[in-house]
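Single-structure report; data block below.
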Amino acid sequence: MSSRKGRRLEPSANHLKPDTVLLVTKVTPHSFWFDSWWYEDNSLGGGKSLQINWFKGFSTDELQDPRCKALIDSARRFVGAMRYPLLAKSRATRTVFRQKARRLLDLVTWMYRNAVWTFADLTPEIADWYKSDLLEAGPTGIEGDGEEEEQDSDLEFENDRDEISVSKLFVRLRVLVDIFELSQEFESFPELRLPAHPFRGQSVTSLAESLAISSDGWIPRIPDEVFNPLMQAALNWIDVYSKDILFAQDEYFRVMDSRRKYTGHNYGEFVDAALLNVRFDSCGQLTYQWRPPLLPTVARRKGDALPSDATRGPTSQLRDLIEHLEAAGLGSVQAITGIRISEALHAKAEPRQPNGWPACLIQRASRSGLYDLFYLSSHIFKGERDDQGTPFEWLLGVRPAGTQFLPIAARGILILDKLFLPWRDRFQCDYLVMSLGKGGGLPHSAPAHMKPLTDRQASNLKRFMKQVEVPEEFVDWNVTSHQFRKTFCQDIVRINPRALPAIQEHYGHASAYITDEAYTGNDATMLKLIDDVATREAAKIMLDRVYGKLPLGGKLADVIDARETVIRKLLDGLDTYERRLSALANALSVEGIMIFTSDYLDCLFRPDHAMCHYDFLGYFDKNATRPLRAYRTKKNCSVCQNGVINGYHTPYWEEEYRFNEHVRRANEEIGDLRTAAVAASRAAQARSVLRKCGRWPIHDAN
């Protein structure tokens with residue numbers, strides 16, 4: 019970064035200064051106005067320095083053209099106006115550097131190559147041309163930078179693979195409106211003033227929705243074929259393999275500390291000897307080694323490696339294991355909580371909790387005393403103008419009071435704490451996870467930057483995925499850290515029956531606590547996303563019933579059938595499933611309708627019909643927002659107009675039928691006709707449900 023001295027003007031109206039003044043103006047502590055790169059400090063958890071490459075996308079010959087330089091210089095003024103406007107609304111620095119500047123440069127590149135020489139030439143007709151080119155380019159043409167896809171936790175972009183999403187179109191079209199809104203800043207720069215609204219007054223959101231193939235945010239979750247093996251591998255590393263990695267690391271420190279007694283510098287052979295003797299059998303708890311011992315040297319597999327990097331010794335192999343365990347620990351936290359990687363990396367280990375745990379891991383009892391709750395304490399940065407973030411807590415897990423097991427995410431944090439504890443002590447760092455510096459070995463002195471970075475974690479996750487066995491058709495699936503958030507929000511609404519038992523148990527406890535105590539937490543964006551998923555699930559059931567004749571049981575099925583005409587009228591003119599689903603979800607959101615799941619029935623909660631509240635209070639509580647778990651029984655739900663049964667519930671009802679048929683027969687044989695009659699009634703109810711869901715007869719029915 020530049021360390022030159024220059025005239026540092028106060029951060030106001032630099033975009034209106036003449037070029038002669040801007041030549042000696044520093045726009046950040048590290049960059050002059052006309053530098054090819056602008057750098058800015060970034061205090062975001064896990065974030066490296068913010069930067070803008072003004073020449074990105076242009077060839078050397080193009081940069082010699084004065085018209086190209088003029089467009090880039092105009093873009094600099096727009097970025098300056100976004101940060102410190104006199105009249106328009108200011109934008110957060112991180113948003114400007116990470117999103118606005120990149121999309122502005124995309125537009126500038128397009129303008130230059132299509133002979134649009136000034137921003138004043140961006141008429142609505144030219145904007146239509148730009149819009150058409152975006153659509154013609156397709157999804158690969160408008161994907162974000164690889165770095166942006168991995169690091170930009172503010173935007174949470176998803177990879178659509180085959181489709182153009184609303185989010186990606188939105189940010190590219192929105193920059194034209196930003197320029198139009200900033201026109202008022204440039205009275206003395208007519209070449210920077212757009213003559214009219216680029217989209218003739220239409221909102222960017224509605225325009226993007228009308229053009230995109232898929233709707234924002236509803237791209238498929240991580241497939242079970244990838245997520246389940248990944249989580250099983252993470253659990254293996256946390257609960258089993260970690261013992262050997264921590265032991266190997268202790269051996270490394272033991273030898274490195276003992277070398278101080280020697281005057282020579284040939285400690286490498288002693289370190290290697292100690293590491294080569296490490297057995298990978300969970301410190302003797304396994305009858306086999308889960309991986310081969312470390313080797314004296316291992317050939318690098320990267321084709322672009324330097325000749326000096328042809329082999330990697332035991333210390334470098336140990337670092338690989340440390341990074342794999344780090345990825346497993348962070349992955350367990352993200353998958354179970356939906357927390358962003360920047361929020362996880364900002365977690366601190368010091369000062370310690372009274373029970374010896376790191377500062378970021380908190381345990382407390384629930385208000386009812388029925389549950390032990392585990393929280394992660396960190397800072398949230400999403401949408402915050404304060405670069406220091408705001409303190410927040412995320413629910414890591416729940417266990418019934420009196421039990422001893424630790425939730426998965428809590429175990430992951432404790433392993434990360436043990437893994438980095440000796441490094442923190444040596445280098446005086448308070449982050450739970452810290453950077454061990456560049457290079458393939460382990461640091462002997464404090465790294466220049468100990469703050470953990472999101473891009474390094476993204477690389478660690480990709481390398482860890484190579485340790486995970488997935489079906490052949492999914493080997494190319496690109497797992498990124500923000501995809502965990504989508505999976506979490508869907509699983510907390512409807513527990514995935516295909517998930518690992520440990521994951522199902524976690525969500526079972528968490529869902530019970532959230533329903534019991536109306537947990538609201540304080541991560542508003544997370545809660546909104548969960549509510550959106552719950553509303554969308556409700557809309558999906560109704561849509562599949564109306565347009566696909568989805569077999570349903572329960573009182574609500576009749577209500578949906580009765581409202582079919584109203585639903586079809588609401589969705590008239592929408593020709594794709596995705597747009598119908600979004601429109602119906604929006605309508606249900608206004609009414610506050612969302613889904614609450616159980617093994618035997620889904621509740622599309624409406625307070626005016628909630629029999630669980632009626633059973634408890636003697637009347638319908640019109641202010642209620644969720645079912646009352648203690649009174650959410652089959653007896654109440656079977657007569658409640660909020661209940662609906664679909665294919666998710668048929669395994670429960672099949673088992674219910676088989677069990678009660680067995681009870682009926684057994685009691686008829688011994689002459690207990692009263693018990694047999696009760697069982698027969700329950701079996702008949704299960705049979706009726708299965709028939710309505712199209713699952714009757716089952717293979718062992720009479």
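For the sequence shown, this note's numbering gives the first residue as 19, with consecutive numbering after it.
Beta carbons are placed, not taken as given, at the ideal position from N, Cα and C, and that holds for glycine.
Being a predicted model, the structure only gives us computed values, none of them experimental.
(1) Counting along the chain, where does the alpha helix (DSSP H) carrying Ile240 start and finish?
(2) Is the number of C-beta pairs between the stretch 382 to 400 and the stretch 420 to 429 that are closer than 8 angstroms three or more?
(3) Taking Arg15 as the reference, which of Ala251, Leu105 and Lys35 has the closest Cα?
(4) Considering just the uninterrupted stretch of the alpha helix (DSSP H) at Phe265, what are its terminal residues?
(5) How big is the Cα-Cα spacing for Lys118 and Phe198?
(6) Could you tell me which uninterrupted beta strand (DSSP E) segments, each at least 3 residues in length, are contained entirely in the stretch 597 to 685, listed from first to last along the chain?
(7) Distance, Cα to Cα, Gly458 vs Asp338?
(8) Does the distance from the CB of Ala377 to the CB of Arg370 come in under 8 angstroms?
(9) Less than 8 angstroms between the C-beta atoms of Asn32 and Val42, yes or no?
(10) Out of curiosity, what's the CA-to-CA distance linking Pro241 and Phe52?
(11) To the nearest angstrom, how far is it from the Cα of Ser334 to the Cα of His364?
(12) So is the beta-carbon of Phe50 under 7 angstroms away from any non-hydrogen atom of the ligand ADP?
(13) Report the residue ranges of all alpha helix (DSSP H) runs contained in full by the stretch 45 to 94; include only those spanning at least 4 residues, in chain order.
(14) Among residues of its own chain, excluding the 5 on either side of Arg705, which ones have a beta-carbon nearer than 7 angstroms to its beta-carbon?
(15) Flag this pair as yes or no: are the beta carbons of Glu205 and Leu104 separated by less than 8 angstroms?
(16) Which term fits Tyr270, buried or exposed, when burial requires 16 or more other beta carbons within 10 angstroms of its beta carbon?
(17) Give me the Cβ distance between Val486 and Ile431, rounded to the nearest whole Å; I'm assuming they're in contact under 8 angstroms.
(18) Return the Cβ separation of Gly314 and Leu294 in integer angstroms, given the expectation that the two are a contact with Cβ distance under 8 angstroms.
(19) Just curious, the alpha helix (DSSP H) that Val577 is in, first and last residue?
(20) Apart from the five residues just before and just after Val296, which ones in its own chain have a Cβ nearer than 7 angstroms to its Cβ?
(21) Please state if the CB of Val662 and the CB of Ile559 are separated by a distance shorter than 8 angstroms.
(22) Would Leu140 and Leu212 be called neighbours here (beta carbons separated by less than 8 angstroms)?
(23) Where does Ala133 sit, in a helix, a strand or coil, going by DSSP?
(24) What's the gap between the Cα of Tyr649 and the Cα of Gly566?
(25) If contacts are defined as beta-carbon pairs under 8 angstroms, then Ala367 and Asp448 qualify, I think. What distance do you get, rounded to the angstrom?
(26) Got a sec, what are the start and stop residues for the beta strand (DSSP E) Gly415 sits in?
(27) Considering only their Cβ atoms, is the gap separating Asp626 from Lys640 smaller than 8 angstroms?
(28) Verify whether the separation of the beta carbon atoms of Gly349 and Ala476 is less than 8 angstroms.
(29) Is the beta carbon of Ala138 sitting closer than 8 angstroms to the one on Phe217?
(30) Can you tell which of Asn478, Gln250, Val222 and Ala383 has the C-alpha that lies nearest to the C-alpha of Leu413?
(31) If you run the structure through DSSP and keep just helix, strand and coil, what is Leu324?
(32) Closer than 6 angstroms by C-beta to Arg554: which residues in its own chain qualify, once you throw out the five before and the five after it? Chain order, please.
(33) Within the same chain, show all residues whose beta-carbon is closer than 6 angstroms to that of Ile716, passing over the 5 residues directly before and after it, in chain order.
(34) Could you please give me the residues that DSSP links to Phe392 through a beta bridge?
(35) What do you get for Phe96, buried or exposed, if any count of 16 or more other CB atoms within 10 angstroms of its CB means buried?
(36) Per DSSP, what kind of secondary structure is Ile688 in: helix, strand or coil?
Short version:
(1) Neither: Ile240 is in no alpha helix (DSSP H) and is coded neither H nor E.
(2) Flag = yes, the stretch 382 to 400 and the stretch 420 to 429 touch.
(3) Shown here, the chain extends from 19 to 720; a query on residue 15 therefore has no answer.
(4) That run of the alpha helix (DSSP H) goes Ser260 to Ser276.
(5) One C-alpha to the other measures close to 14 angstroms.
(6) Listed in chain order, the complete beta strand (DSSP E) runs (minimum 3 residues) inside the stretch 597 to 685 are 620 to 622.
(7) Their Cα atoms are separated by approximately 8 angstroms.
(8) Less than 8 angstroms divides the Cβ of Ala377 from the Cβ of Arg370.
(9) Annotated as distal: Asn32 and Val42, with beta-carbon spacing of 8 angstroms or more.
(10) Going from the Cα of Pro241 to the Cα of Phe52 covers about 47 angstroms.
(11) Rounded to the nearest whole angstrom, the C-alpha separation of Ser334 and His364 is 26 angstroms.
(12) For the ligand ADP, the structure offers nothing, since it holds no ligand at all.
(13) Fully enclosed alpha helix (DSSP H) runs of 4 or longer: 78 to 81.
(14) Apart from sequence neighbours up to five positions away, the residues of its chain that approach Arg705 with a beta-carbon distance below 7 angstroms are Tyr675 and Trp714, ordered along the chain.
(15) In this structure, Leu104 does not lie closer than 8 angstroms to Glu205 by Cβ.
(16) That one is buried.
(17) Contact flag wrong, Cβ pair sits at about 21 angstroms.
(18) For clarity, residue 314 is Pro in the given sequence; the question names Gly instead. With 8 angstroms as the limit, Pro314 and Leu294 qualify as a contact, their Cβ atoms being about 7 angstroms apart.
(19) Counting along the chain, the alpha helix (DSSP H) containing Val577 begins and ends at Lys573 to Ala580.
(20) The residues are Asp262, Phe265, Ala266, Glu269, Pro311 and Leu312.
(21) Yes. Within cutoff.
(22) Cβ distance < 8 angstroms, so Leu140 and Leu212 count as in contact.
(23) Here Ala133 sits in coil by DSSP.
(24) Roughly 33 angstroms separates the two Cα atoms.
(25) Yes, Ala367 and Asp448 are in contact; Cβ-Cβ is about 6 angstroms, under 8 angstroms.
(26) Residues Thr408 to Pro418.
(27) Yes.
(28) Going by C-beta atoms, Gly349 is not nearer than 8 angstroms to Ala476.
(29) The answer is no: Cβ separation not under 8 angstroms.
(30) Of the listed residues, the one whose Cα sits closest to Leu413 is Ala383.
(31) Note that Leu324 scores 36 on pLDDT, short of 50, meaning its location in the model is unreliable; the coordinates nonetheless yield the value given after this. Assigned with DSSP and collapsed to three states, Leu324 falls in coil, not helix or strand.
(32) So the qualifying residues of the chain are Ala603.
(33) These residues qualify, in order along the chain: Glu672.
(34) Phe392 pairs with Gln381 and Gly415.
(35) With 16 or more other CB atoms across the displayed protein chains lying within 10 angstroms of its CB, Phe96 is buried.
(36) If DSSP states are grouped into helix, strand and coil, Ile688 belongs with the helices.
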